[in-house]
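Colleague: Here my numbering is used: position 174 in the sequence shown is 179, and no number is missing along the way.
For each residue, glycine too, the CB sits at the ideal point set by N, CA and C.
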Amino acid sequence: MTSAQSAEETMSSASDKDTVAAQCAPPSKVLVQQGAEARVYRSDFFGKPTIIKERFVKSYRVPSLDQKLTHRRMNQEVRSMARCRRNGIRAPAVYHIDLKQRTIHMEDIKDGLCVKDFIRNLDMGSDELVLNELVQNIGKLLGKMHDCDVIHGDLTTSNMMCSPQGENLTLIDFGLSSVSALAEDKGVDLYVLERAFLSTHPNTEHLFEMLMQSYSQASRNAKSVVAKLDEVRMRGRKRTMLG
Ligand SMILES: Nc1ncnc2c1ncn2[C@@H]1O[C@H](COP(=O)(O)OP(=O)(O)OP(=O)(O)O)[C@@H](O)[C@H]1O
Ligand SMILES: [Mg+2]
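Here it is as structure tokens:
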């Protein structure tokens, strides 16, 4: 073997090693959002655009309790996303869950906008039709979600995504979700949304009313849920009056 040959072989085995190392290295990730409970990264999972949600350690909590709470939330999040998807309700597909690393790898909703920003960027007057259609779609989706007994637990327009045209409504952030058939739980879920909706988007009472009309048409148990929503509202008002 000439020295040139051996140098070439050494170089090619070094570059093979580099290729293998690159393939084995964890994919790079870019921070999208740092929340109070979790960090959200954009990455890829075997070539698929992926969101990684990592629930970090809360140092002020007793470690065993922190782990228990985090694992419970991660399990709820994954279960509810899967239950929604089985029932034709848009939610990200789950690719992988790692309890030790406290991460969920899920489908990246491509070109998805947060519904909160989408609404804020619209003009209440000239974009009325788009807004009406959007809130009707939200009502319909939530009616379907409640019919399969998923309680989201944190319904806000930040936890909904849509396309830049306001279509393909998708629910995210199921960390506080649960499964329940009780009208009371569904009523509370809608009450949380009502409070969040009206404070995030002032002077939109008519839009929330439209959302509820659409919910009522879409859901089988709407009557008892709406009755519970009224009860919860009354309790809320009493609490405010009493201070
Ligand atoms: N599957 C996804 N595809 C695209 N973007 C996403 C996805 N999941 C989350 N995001 C982006 O990350 C942001 C935060 O995500 P998410 O609401 O799940 O976390 P969070 O509110 O910080 O969590 P938590 O309330 O559980 O502490 C979203 O508003 C959205 O912009
Ligand atoms: Mg959120």
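Can you tell me which of Gly180, Glu133, Val135, Asp132 puts its alpha carbon nearest to the alpha carbon of Asn80?
Modeller: Considering only alpha carbons, the answer is Gly180.
Colleague: For Val140, which residues of its own chain have a beta-carbon under 8 Å away from its beta-carbon, when the five flanking residues on both sides are left out?
Modeller: Answer for Val140: Leu212, Phe213, Met215, Leu216, Ser219, listed in chain order.
Colleague: With a threshold of 6 Å on Cβ separation, who are the neighbours of Met6 within its own chain once the five nearest residues in sequence on each side are excluded?
Modeller: The predicted model places Met6 with a pLDDT of 49, which falls under 50 and marks its position as unreliable; any figure quoted below should be read in that light. Closer than 6 Å at the Cβ level, and outside the excluded window around Met6, lies no residue.
Colleague: With ligand 2 as the reference, list in chain order each residue whose Cβ lies under 6 Å from any of its heavy atoms.
Modeller: That gives Ser163, Asn164, Asp178.
Colleague: Going by the C-beta, is Asp145 closer than 7 Å to any heavy atom of ligand 1?
Modeller: Before going on, a small fix: residue 145 reads as Lys here, not Asp. Not so, every heavy atom of ligand 1 lies at least 7 Å from the Cβ.
Colleague: Should Gly130 go down as buried or exposed, given a rule of 16 or more other Cβ atoms within 10 Å for buried?
Modeller: That one is exposed.
Colleague: Taking the beta strand (DSSP E) that Tyr100 falls in, what are its first and last residues?
Modeller: Element bounds for Tyr100: 99-103.
Colleague: Throw me the rounded Cβ distance for the Arg66 and Ala43 pair, which I believe falls under 8 Å.
Modeller: Contact doesn't hold; Cβ gap of about 15 Å is too wide.
Colleague: Would you identify the three-state DSSP class for Ile156, choosing helix, strand or coil?
Modeller: Ile156: strand per DSSP, three-state reduction.
Colleague: Within the same chain, show all residues whose beta-carbon is closer than 8 Å to that of Cys119, passing over the 5 residues directly before and after it, in chain order.
Modeller: The answer, listed in chain order, is Thr162, Ser163, Met165, Met166.
Colleague: Restricting to Cα atoms, I'd like to know which of Lys233, Glu112, Ser204, Met86 is closest to Asp194.
Modeller: Taking only the C-alpha atoms, the option nearest Asp194 is Lys233.
Colleague: Should the region 35-55 be called in touch with the region 146-157, which here means at least 3 C-beta pairs below 8 Å?
Modeller: Segments in contact, no.
Colleague: Grouping DSSP H, G and I as helix and E and B as strand, with all else coil, what is Thr245?
Modeller: It is helical.
Colleague: Tell whether a beta-carbon distance below 8 Å holds between Val35 and Tyr46.
Modeller: Against a cut-off of 8 Å, the Cβ pair of Tyr46 and Val35 comes out as a contact.
Colleague: Between Gln222 and His157, what straight-line distance do the alpha-carbon atoms span, to the nearest angstrom?
Modeller: Approximately 20 Å, taken between the alpha carbons.
Colleague: Under 7 Å from any heavy atom of ligand 1, does the C-beta of Val120 make it?
Modeller: It does not: the Cβ of Val120 is nowhere closer than 7 Å to a heavy atom of ligand 1.
Colleague: Give the range of the beta strand (DSSP E) segment to which His110 is assigned.
Modeller: From DSSP, the beta strand (DSSP E) with His110 extends over 108-112.
Colleague: Suppose you measure from the CA of His110 to the CA of Val83; what does that come to, to the nearest Å?
Modeller: Their backbone Cα atoms lie some 10 Å apart in a straight line.
Colleague: What residue range is occupied by the uninterrupted beta strand (DSSP E) comprising Thr162?
Modeller: Where Thr162 is concerned, there is no enclosing beta strand (DSSP E), given that its DSSP letter is neither H nor E.
Colleague: Please give me, in chain order, every unbroken run of the alpha helix (DSSP H) with length at least 4 that falls completely inside the region 124-151.
Modeller: Those alpha helix (DSSP H) runs which fall completely within the region 124-151 and span 4+ residues do not exist here.
Colleague: Residues in its own chain within less than 7 Å of Thr75 by CB, not counting five upstream and five downstream?
Modeller: Closer than 7 Å at Cβ, skipping near neighbours: Arg60, Arg107.
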